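Residue numbers (the numbering used here): 333 to 616.
Note that the Cβ used here is the ideal one computed from N, Cα and C, for glycine as well.
All of these numbers come straight from a predicted model, not from anything done at the bench.
Everything on this sheet refers to the single structure shown next.
Laid out in structure tokens, this is it:
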């Protein structure tokens with residue numbers, strides 16, 4: 333397995349990678365710096381088309397634009413690299429964290445805990461209505477769907493747990509939560525995740541310096557080391573979806589952190605991903 337640092341950024345909290353097949357570019361965010369990053373693996377070009385206060389994650393809309401999930405329950409649309417009008421979809425004193433589009437174009441989106449309450453998981457439907465899915469969550473994190481679209485994965489970082497639910501594609505409802513993976517002995521905390529074309533789960537490990545691969549019944553298959561501790565999320569990208577991109581955190585921009593903290597990495601892991609589902613949400 334080869335690990336390559338492909339973009340030498342110093343993200344304070346790099347997160348949320350997603351491959352845009354129309355543009356053949358990878359997007360990810362630096363949450364605390366409010367930057368949307370963009371990388372073209374064919375040319376090596378990297379830029380930040382959006383800089384705002386906070387940007388916690390993005391989904392690709394069916395028309396090719398992006399939905400940007402921000403702070404205080406706000407969501408905006410990014411068209412041609414420009415952030416447009418922002419809409420508040422939930423009343424929240426905190427920011428969003430991980431987000432994912434489902435097969436029908438809805439978006440599952442988590443918010444960070446506040447002093448008075450735990451984090452929450454919401455479902456944003458295509459007509460803009462919002463349903464609360466979970467409350468009292470430590471830190472809501474990585475999500476995904478099984479290959480048959482009948483199960484939904486949801487990571488609660490502070491509980492060291494990836495949960496699995498029954499999922500109804502027609503309604504978006506999730507039910508019958510069970511503990512899919514508990515990993516108190518695995519170095520680091522479970523963070524972002526993705527599901528590959530074979531149904532395997534790839535889980536980033538915050539402060540664990542690695543990505544862990546599980547099979548569909550939750551058995552650990554392998555561990556892949558990354559040369560910095562704060563590994564935040566993963567996504568398959570490239571024209572054939574055969575490169576595993578890894579975001580990291582801990583960069584401070586002042587040279588005080590390790591040189592790899594906050595960089596974007598590529599792992600060659602002999603696996604392929606699946607195209608991400610696209611959101612189809614109408615705001616406002």
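* To do: With residue 396 as the anchor, note down where its beta strand (DSSP E) starts and where it stops.
  => Careful: residue 396 lies outside any beta strand (DSSP E) and carries neither H nor E.
* residue 553, buried or exposed, once every other Cβ within 10 Å from all chains shown has been counted against 16 -> exposed
* Beta carbon of residue 456, beta carbon of residue 613: below 7 Å? -> yes
* Asked: Mind pulling the beta strand (DSSP E) runs of 3 or more residues that sit fully within the segment 444-494?
  -> 451-456, 462-469, 472-477, 483-488
* Proximity winner among 472, 522, 499, relative to residue 484 (alpha-carbon distances) -> 499
* Asked: What residue does the beta strand (DSSP E) around residue 609 start on, and which one ends it?
  -> Note, residue 609: premise wrong, no beta strand (DSSP E); not H, not E.
* Asked: Where does residue 545 sit, in a helix, a strand or coil, going by DSSP?
  -> strand
* **Where the beta strand (DSSP E) through residue 328 begins and ends** => As displayed, the chain neither begins before 333 nor continues past 616, which places residue 328 out of reach and without an answer.
* Nearest to residue 568 by CA position, among 526, 595, 377, 342, is which residue? -> 526
* Asked: Thinking just about the alpha-carbon of each residue, which of 471, 395, 572, 595 is nearest to the one in residue 559?
  -> 595
* To do: Kindly list the residues whose CB is nearer than 7 Å to the CB of residue 514, restricted to its own chain and excluding five residues on each side of it in sequence; keep chain order.
  => 492, 493
* Asked: How would you write the range of the beta strand (DSSP E) that residue 382 sits in, first residue to last?
  -> 378-383
* Reduced DSSP category for residue 572 - H, G, I as helix; E, B as strand; rest coil -> coil
* **residue 523 (DSSP reduced to helix, strand or coil)** => strand
* Nearest neighbour of residue 520, chosen from 496, 556, 529 [CA to CA] -> 556
* Excluding five sequence neighbours on each side, which residues of the same chain lie with their C-beta closer than 8 Å to the C-beta of residue 410? -> 368, 381, 382, 390, 397, 398, 399, 400, 416
* To do: Alpha carbon to alpha carbon, how far is residue 460 from residue 540? Give it in angstroms, no decimals.
  => 37 Å
* Going by CA-CA distance only, name the one from 345, 545, 395 that's closest to residue 429. => 345
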